[in-house]
Structure formats: C-alpha cells, structure tokens
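Undergrad: There's a structure below that I have some questions on.
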Amino acid sequence: MTIFKFALRRGLFSPVAIILNGVIPAALIVMMRLNDDGDYRQGIFLIAMAVMFGGFFMAKGVQNDRMEGVLLRILCGPVTTRTYLWQNLLGAAVPMVGLTALISAIGHVVLNWETTFTLGIFLTYTFLAMSSVGLSFVWSSLFKSKEASSGAFGAVMTLISALSGFMIPLHLMPDFLFYTGALFPAHWASRAMQIMLDYGEFSQMFWLSMLAMFLFTVAFILFGAKRRLI
Numbered sequence: 001m002t003i004f005k006f007a008l009r010r011g012l013f014s015p016v017a018i019i020l021n022g023v024i025p026a027a028l029i030v031m032m033r034l035n036d037d038g039d040y041r042q043g044i045f046l047i048a049m050a051v052m053f054g055g056f057f058m059a060k061g062v063q064n065d066r067m068e069g070v071l072l073r074i075l076c077g078p079v080t081t082r083t084y085l086w087q088n089l090l091g092a093a094v095p096m097v098g099l100t101a102l103i104s105a106i107g108h109v110v111l112n113w114e115t116t117f118t119l120g121i122f123l124t125y126t127f128l129a130m131s132s133v134g135l136s137f138v139w140s141s142l143f144k145s146k147e148a149s150s151g152a153f154g155a156v157m158t159l160i161s162a163l164s165g166f167m168i169p170l171h172l173m174p175d176f177l178f179y180t181g182a183l184f185p186a187h188w189a190s191r192a193m194q195i196m197l198d199y200g201e202f203s204q205m206f207w208l209s210m211l212a213m214f215l216f217t218v219a220f221i222l223f224g225a226k227r228r229l230i
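Heads up, the sequence shown is in the numbering used here, so the first residue is 1 and it goes up one at a time.
Structure follows, in structure tokens:
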C-alpha cells in the first residue's frame, strides 16, 4: 500500500484541492446563510462544481508521476496500472470524503438541513468526487503536457457542468442536451441533488443516480488501466 500512502499524502497537502473542496464550499454555505431566503439550489450546485474541479486536482499526482518518470519506475515493479490507479483513487478518496463530510455537517448546523437531506447531499458529493477523480485519470492518460491537459480540462469541465444541470436546470433543457448530459456522472449528481431539494428523501431515482456515478468511476479506472500511461 505504499502507493496509497503517497497518494494520501499528496491529497492531504494539495492546497488547491483543499480550497476547492473545503474553503469554497464553506464560504458558499455562509453566503447561503446570509441570504437566508430558504432557496439553497444555486449554492448546492455551485458547491458540486467546486467538488468536481477539486477531484481533478486531487488526481494531478498521477499526471505528475507520468511526466517526471516516476510512473515508469513504479510499473517496472510488481505493480499493474489498475492497482496503481485504484490506490491513487483511495488516496484521493480519504481527504475528499473527509472534506465532504465536514461541508455537509456545516450545512446541517448553519443552514439547519434535515438529517436525511444532509446525508443525501453527502453521498451525492462523495460519489461525484470519486467519479471526477476517475475521469481525471482517464484525461491524464490522453495528454503528454500538463499545461495542455489543465487548460483543456477546465473548458471541458465547464461544458460538462452546463450540460449536466449545474448551470441550467435539467427540466429546462432540450431533450438532446438532456440525454447528452446523461453521458457524464455530473448529470446523475444533478438529478440526485434535485431530488433532495424537491423531496428530501431517498427515492429509487436517487439510488439509481448513486449507482450510475459508482459505475462511471469503475469504468474510468478500467479504461485508464488499459491506456498507455507511460
């Protein structure tokens, strides 16, 4: 589990990821409290965007290992690409789950979120974060330049946010955009958050959304393991 330990250390000391997954969401919750009109939709979806971008920075260690030749040395040993990616995912998961739990707890205390709503938001952000990390692994395997990867990824993630309902409500989208957005895990996070905002309960569609994001994560890891990372 040496890879996991290094990945965990990188995740715990990633200032950009901590800002995106902790500081910005906490600030948005405070702003929702100051607004105090009872409409949390915009803030909830903005936090989801921060979590999604935070996942990318949590996964940048894989790209750094690749660019610096560390990955080549690791894979020369008895380590498969799949094992390497899974341990990096777990290393990113620990700080992200911790930050997500903290943000959910702050919302519960500051905004008086009900327990079911708090748990639903926590699960949604957690599965979104993990799928974002998995997507970042795949994305890192497609580029040989960190600058090109980061620049293009920002534009693509913004587009995904728009198609997935983070910026425009899903029910206002034309059918072809709605179904296009369903090809990304963020779409299912958007569905889950909307269910929590509208009904505040765990419906069948909520759990289907969790399953979809989990399957996306697994698919991203498997695809990333098939790509030539070195």
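A virtual CB, placed ideally from N, CA and C, is assigned to each residue, including glycine.
(1) Alpha carbon to alpha carbon, how far is Val51 from Val97? Give it in angstroms, no decimals.
(2) Please say whether Gly91 and Ala7 have beta carbons closer to each other than 8 Å?
(3) Could you tell me the distance, in whole angstroms, from the CA atom of Met213 to the CA atom of Phe127?
(4) How would you write the range of the alpha helix (DSSP H) that Gly120 sits in, first residue to last?
(5) Secondary structure at Gly54, three-state DSSP: helix, strand or coil?
(6) Do you know offhand how far Ile195's Cα is from Gly134's?
(7) At a cut of 8 Å, does the segment 149 to 159 reach the segment 169 to 176 through at least three beta carbon pairs?
(8) With DSSP as the reference, label Leu111 as helix, strand or coil.
(9) Straight-line CA distance for Leu142 to Phe220?
(10) Quick check: what's the CA-CA separation for Gly165 versus Ile18?
(11) I need the DSSP call for Ile199, collapsed to helix, strand or coil.
(12) Smallest Cα separation from Gly54: which of Ala27, Tyr40, Gly22?
(13) Measure the C-alpha to C-alpha separation of Met205 and Leu28 and round it to an integer number of angstroms.
(14) Judging by CA-CA distance, which residue of Leu99, Gln42, Phe176, Thr124 is the nearest neighbour of Met167?
(15) Can you tell me which of the three DSSP states Leu215 falls into?
(16) From which residue to which residue does the alpha helix (DSSP H) around Gly25 run?
(17) Kindly list the residues whose CB is nearer than 7 Å to the CB of Gly200, restricted to its own chain and excluding five residues on each side of it in sequence; keep chain order.
(18) How about Phe122 and Ser104: do their beta carbons lie closer than 8 Å?
(19) Could you check the C-alpha separation between Trp188 and Tyr179 for me, to the nearest Å?
(20) Within its chain, find whatever has a CB closer than 8 Å to the CB of Leu222; leave out the 5 residues flanking it on each side and keep chain order.
(21) Classify Leu208 as buried or exposed, calling it buried when 16 or more other Cβ atoms lie within 10 Å of its own Cβ.
TA: The short version:
(1) 11 Å
(2) yes
(3) 6 Å
(4) 115 to 140
(5) helix
(6) 25 Å
(7) no
(8) coil
(9) 13 Å
(10) 24 Å
(11) Position check: residue 199 holds Tyr in this sequence, whereas Ile was assumed. Coil.
(12) Gly22
(13) 27 Å
(14) Gln42
(15) helix
(16) Contrary to the premise, residue 25 reads as Pro rather than Gly in this sequence. Where Pro25 is concerned, the enclosing alpha helix (DSSP H) stretches over 24 to 35.
(17) Glu114, Thr116, Phe117
(18) yes
(19) 11 Å
(20) Arg82
(21) exposed
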